[in-house]
């Protein structure tokens with residue numbers, strides 16, 4: 516199988532028209548599989564020839580670096596937001612701080628998350644907004660793995676800013692929000708509770724669908740429940756595949772390299788193609804604007 520190669524430094528070479536840029540926030544309840552989706556969706560979009568930046572913006576449980584085996588990834592998001600506060604962040608610095616992963620004839624840049632959860636107060640909404648603005652100058656797609664919580668009063672720093680304010684800012688500014696959940700009674704219940712704090716449009720992504728949890732009657736009931744209690748139809752169903760997921764974690768490789776023809780891989784690929792097609796046509800969850 517094709518090797519996944521990491522290169523620490525990169526250099527920007529092309530600018531991107533803001534109208535051709537899309538920011539995708541992958542959000543979901545705890546245990547929904549949002550990180551798995553964010554990582555593999557990023558690889559699939561990059562496979563389509565797009566310039567992609569994957570950002571680990573989960574301030575509670577950052578895990579993208581661990582998933583991809585980036586043990587020496589550098590300061591990542593911490594350094595980016597620090598430079599943004601000093602108004603010294605430009606696209607060359609952002610690319611330099613990102614890990615470049617090469618696979619097949621494609622590449623993906625990854626901005627890893629906080630080195631320690633206690634440093635969450637460094638990632639303010641203002642600095643994150645600046646990071647996203649700089650990213651829009653170079654990348655066609657920015658995919659963010661964000662925290663699950665959207666409540667604004669769970670943790671406050673000395674300035675009165677909550678840990679969840681970064682997630683709320685990213686979610687509100689993203690062109691597209693993928694609301695992921697596990698397709699079982701507990702996962703659906705968590706989704707319905709958490710959606711009460713998501714005050715915008717979104718795409719529903721069901722994870723771990725299959726007879727083990729739902730069966731054919733259960734899948735029909737799932738569609739009926741979502742139609743009754745949510746503002747969005749189900750946009751994608753990702754089948755249960757524990758073996759493939761365990762292998763990707765163990766080998767620190769994305770699905771498209773580990774199991775290129777698995778049903779789960781193909782489902783993520785189909786979702787990536789749908790997103791790219793709709794963003795290219797100027798259609799997003801906010802009603803047709805692909806810039807921030």
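Numbering (our numbering), first residue to last: 516 to 807.
The beta-carbon is built from N, C-alpha and C at its ideal position, and this holds for glycine as well.
This structure is a prediction, so every number in the text was calculated from the model and none was measured.
Query                                                                                                                            : Result
Bridge-paired residues (DSSP) for residue 624                                                                                    : 568 and 615
Environment of residue 678 [buried if 16+ CB atoms lie within 10 Å]                                                              : buried
Limits of the alpha helix (DSSP H) - the one that residue 538 falls within                                                       : Where residue 538 is concerned, there is no enclosing alpha helix (DSSP H), although the beta strand (DSSP E) it sits in stretches over 537 to 543.
DSSP-derived helix/strand/coil call for residue 607                                                                              : helix
Nonlocal neighbours in the same chain, by C-beta distance under 7 angstroms from residue 754, ignoring five residues either side : 724, 725, 778, 779 and 782
Under the three-state DSSP convention, the category residue 587 falls into                                                       : coil
Assigned secondary structure, residue 547 (DSSP; H/G/I helix, E/B strand, else coil)                                             : coil
Same chain, Cβ closer than 6 angstroms to residue 582, neighbours up to 5 away in sequence not counted                           : 554
Cβ contact (3+ pairs, closer than 8 angstroms) linking the stretch 651 to 661 and the stretch 563 to 579                         : yes
Helix, strand or coil at residue 741 [DSSP, three-state]                                                                         : helix
Close-in-space but distant-in-sequence residues of the same chain around residue 686 (CB under 8 angstroms, 5 per side omitted)  : 540, 542, 661, 665, 692, 713 and 715
Entirely enclosed alpha helix (DSSP H) segments - the stretch 748 to 798, minimum 4 residues                                     : 757 to 766, 770 to 773 and 778 to 795
Residue 736, buried or exposed, once every other Cβ within 10 Å from all chains shown has been counted against 16                : exposed
Spatial distance of residue 646 from residue 733 (CA atoms)                                                                      : 42 angstroms
Whole-angstrom C-beta distance between residue 624 and residue 592, which should lie under 8 angstroms                           : 13 angstroms between Cβ atoms; not a contact.
Straight-line Cα distance separating residue 535 from residue 793                                                                : 11 angstroms
Range of the contiguous beta strand (DSSP E) that encloses residue 660                                                           : 656 to 661
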